[in-house]
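Visitor: Sharing a structure here in structure tokens format.
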Amino acid sequence: MIRQYELIEKVRAYNPKADVGLINRAYVYSMKAHGNQKRASGQPYLVHPLAVAGILADLQLDDASIAVGLLHDTLEDTLSTYDEIKGLFGQEVADLTEGVTKLSKISFEDKAVEQAENFRKLLLAMSKDIRVLLIKLADRVHNMRTLGAFSNEQKKRRIARETMDIYAQLADRIGLHALKAELEDLAFQILEPDEYTAITRRMADWREQDDLVGRVTAVLKDELTKAGIKAEVSGREKAIYSIYTKMVRKSLAFDQLTDIVAYRIVTDTKRECYEVLGMLHDRFKAIPGRFKDYISAPKPNGYQSLHTSVVGPFGNRMEVQIRTREMHEIAENGVAAHWLYKPAEGTNVKAEETQLAARPAHDSRSSPYRWLKSLVEQLQGVDDPAEFYENAKLELFSDNVFAFTPKGDVVQLPRGATPLDFAYAVHSNLGNKTVSAKVNGSVVPLRRVLENGDMVEIVTSPHQHPNPGWREFVVSSRARAAINRFLRQQERVEQVRLGREILEKAARRDGWSWTEKEFAKIVTKLPVQQVESVEDAFAALGQGRLFPRQVMEIMAPELAQPLSPAKAADKAAEKAVERMAKRKAEESAGRIVDEAVGLEGITPGMSVHFAKCCSPLPGEDIVGIIATGKGINIHMRTCKNLEQFVDQPDRWLPVRWSSTAEHGDLRQFICRLRFHVKNDPGALALITSTIANADANIIEIATENRNLDSTSIRCEMEIKSKEHLNKLIQHLSGLKVMLRVEKIYGWS
Ligand code: MN
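Residue numbers (the working numbering): 2 to 749.
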């Protein structure tokens, strides 16, 4: 248990200029406010805020944070008020205390939507001042350390689950690795007590066996001295939970684990890191595929190190992490270490921005705020909390892929990202204008999944614009938000145009006229919500939220008779007419060619899907079916599935391939073929090379049936058009080994 004077000493050790008076006053205030409150353990309540402040001092935070550590429970659990704290300790301390209190009220056990909304609140609170999260995490660590005092088993498990799922992840994300490991181990102990005990016992046995760590460390020190490199060597055991997840993930027994201990070599300079690496690979056998250079490509949270695994001096496989002292600081304390170099006004997102601008570009990539900043940017564009939560969770909890621009800049993307995600990550204007992409020099489909280290070149056209189909394969929330934003804007333009047309027609029909100027004067009087400008009013008319008659009642009241019941029926009929007018206008707009999709008869912005049952290719006879949800499904005119729509003629939409699509200039489409092949050696190689030479991409190829003398193979590939497919089939049929080629409809 830490005492007040010990806390002050701890703070002074790293911050000699700390405002000791502030911390002391916060201590006294907290003591008075909490009075004789007791914790579940029976200890005086004050033990808790003191411990939280102590943890914050371990992270070397500023005096305001330490003070808030002491005050953090006063607003919630005592009679204190925001104004009182503001009066005594100033705005900064009051705001931080309030931020932590708000955060404490957020619970993640509720239903999905509430959970999403809460998550959004959490991120917003954090983005205002990252210290709020640091204090909340310190609070959670101490609560987890003392959770044993609770007798309510269910509540304990709930808190442990929340710690594991949310707080440990957040700690990891801002680079507080030691804290994350502690939170996980504490939660794991409650969630899986048997597993926890078993691994702890094995660890104790293993530690006693022989002093392997000591012997390896001695050898490494010796080698470094011989090589003339000054560096510190240490060996650190993995956390219990991370050992457990490794055993589960790789289905390994405890004895099969090779990295219970990670050896760490800390140098003075970056150059020495690479020298140490060279020495290790020279002296010991490197294990292939285990080398990772997080120095030139830092992790999203700013982590930098070289990782390698070698066969050690005693035949032991071992992982070694090599880093400079500064990298080590950041690896241990993450955002808190960055925080030490904060600008005077405190570490909020705005301050970070100025910091980013001041620093060279390669530095900003390792900033722990980058992800937070981009999340906050997205907060502005997403209306649906559930959608936001899904996107944010995806960004927050999944691994990343690093790709390179042609100039060699690193772009960090969520796993599964495509060249389109890449383009949007660079700039949303680049994304919006993307036509095609080259990966490592060759043209690939936009939906190709990027791998670590891919060099991506984006080809743009000023005439390009996002199409709804893109949403199906982008994975980053940044790309999805940008595409949605564009489509929404476009939808709006269309609605405004439509609304204007509807109003013009209606006025002509009813014998009155209007000017935009007159209309502008009365828009706020219209009986419809969220209309503040003429454009809004047109959009409302286009959406069918507002009717021309309602406009007439205000602009030409002498013509608008009060409604009798009979007239009400007329009005309903009138509405039907307006709806028809709207549909007609849509149809006339439908003649526009959507070059991005390659179809005529589709309004750009409409969501188009190519039916999987028949996978139509450009050049083939097609028809559109208006889907029950949103958008259009494109089928081949011969597709069997069309039968079910025979009695719903209003869902059929005439569509045609555009000429560019037919010439295969646009993009790739999916096509599936079945080959019946003689069982000759090399047959498969011959087929795949023929397909590659014909400029088609194989997505999947699999053997279906193998008979005595023939085999059937199915193959899914990307094809540009019907013409392209016919040529390919010609080539394939010409092969000696080929018995028959057929197109597959449906893919089981
Ligand atoms: Mn607390």
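Glycine included, each C-beta is placed from N, C-alpha and C at the ideal position.
Everything numeric in this text was worked out from a predicted model, so none of it was measured.
1) Going by beta carbon distance, what residues of the same chain come within less than 7 Å of T461, once the five residues before and after it are set aside?
2) Can you tell me which of the three DSSP states I3 falls into?
3) With H, G and I counted as helix, E and B as strand and the rest as coil, what does DSSP make of H428?
4) Shorter than 6 Å, the distance from the beta carbon of D74 to the closest heavy atom of the ligand MN, or not?
5) Just to check my reading of the structure: P619 and G599 have Cβ atoms closer than 8 Å, yes? What is that Cβ distance to the nearest angstrom?
6) Helix, strand or coil, according to DSSP, for R546 in the structure here?
7) Does the count of Cβ pairs from the region 694-712 and the region 653-664 closer than 8 Å reach three?
8) The beta strand (DSSP E) with A54 in it runs from where to where?
9) What are the start and end residues of each continuous alpha helix (DSSP H) run of 4 or more residues lying completely inside the region 662-728, in chain order?
10) Taking the alpha carbon of G316 as the reference point, which residue from G55, T259, W207 and I720 has its own alpha carbon closest?
11) Does the beta-carbon of D140, which I'm using as the reference point, lie nearer than 6 Å to any heavy atom of the ligand MN?
12) Should D130 go down as buried or exposed, given a rule of 16 or more other Cβ atoms within 10 Å for buried?
13) For F520 versus V535, is the C-beta spacing smaller than 7 Å?
14) Taking buried to mean at least 16 other C-beta atoms within 10 Å of its own C-beta, is D212 buried or exposed?
15) Using a threshold of 7 Å, state whether the C-beta atoms of T325 and K271 are closer than that.
16) Please go through the same chain and pick out, in chain order, the residues whose beta-carbon is closer than 7 Å to the beta-carbon of A540, but skip the five residues on each side of it.
17) Please list the segments of the beta strand (DSSP E) lying wholly inside the region 445-479, counting only runs of 3 or more residues, in order along the chain.
18) Here's a check: name, in chain order, each residue in its chain whose Cβ is nearer than 7 Å to the Cβ of A54, leaving out the five neighbours to either side.
19) Taking one C-beta from the region 308-315 and one from the region 277-293 each time, how about it: are there three or more such pairs within less than 8 Å?
20) Out of P446, H428 and Q490, which one is the CA nearest neighbour of L667?
21) So, I229 versus Y264, is the Cβ gap smaller than 7 Å?
22) Determine whether the beta carbon atoms of A169 and K157 lie at a separation below 7 Å.
23) Where in the region 208-277 do unbroken runs of the beta strand (DSSP E), each at least 3 residues long, occur, reported from the N-terminal end onward?
24) Apart from the five residues just before and just after Q465, which ones in its own chain have a Cβ nearer than 6 Å to its Cβ?
25) Does the region 464-481 touch the region 511-529, meaning 3 or more C-beta pairs lie closer than 8 Å?
26) Which residues in the same chain have their Cβ closer than 8 Å to the Cβ of Y295, if we skip the five residues on either side of it in sequence?
27) Spell out whether any CB of chain B is found under 7 Å from the CB atom of F676.
28) Note the first and the last residue of the continuous alpha helix (DSSP H) segment covering E743.
29) With distances taken between CB atoms, is the gap from H732 to A693 smaller than 7 Å?
30) When you compare the CB positions of F474 and R448, do they come within less than 7 Å of one another, or not?
31) What residue range is occupied by the uninterrupted beta strand (DSSP E) comprising E320?
32) Could you tell me the distance, in whole angstroms, from the CA atom of V524 to the CA atom of A538?
33) Measure the beta-carbon distance from A34 to T79 and round it to whole angstroms, keeping in mind my assumption that it falls under 8 Å.
34) Answer with buried or exposed for T268, where buried requires no fewer than 16 other C-beta atoms within 10 angstroms of its C-beta.
35) Which class does K286 belong to by DSSP, given the choice of helix, strand or coil?
36) Taking the Cβ atom as the reference point for each residue, do F487 and P469 lie within a distance shorter than 7 Å?
Guide: For this structure:
1) L431, K434, T435 and V436
2) coil
3) coil
4) yes
5) 6 Å
6) coil
7) no
8) A54 -> not in any beta strand (DSSP E); alpha helix (DSSP H) instead, spanning V48 to D59.
9) 684-694
10) T259
11) yes
12) buried
13) yes
14) exposed
15) yes
16) R493, Q496, V497 and G500
17) 457-461
18) L8, I67, G70 and L71
19) yes
20) P446
21) Before going further, note that residue 229 is Gly rather than Ile in the sequence given. No, the Cβ-Cβ distance between G229 and Y264 is not below 7 Å.
22) no
23) 233-238 and 262-268
24) K434 and V436
25) no
26) Y304, Q305, S306, L307 and H308
27) Of the protein chains in the structure, only one exists, and it is not chain B.
28) Segment M739 to K744 is the beta strand (DSSP E) holding E743; no alpha helix (DSSP H) there.
29) no
30) yes
31) R318 to T325
32) 7 Å
33) 4 Å
34) buried
35) strand
36) no
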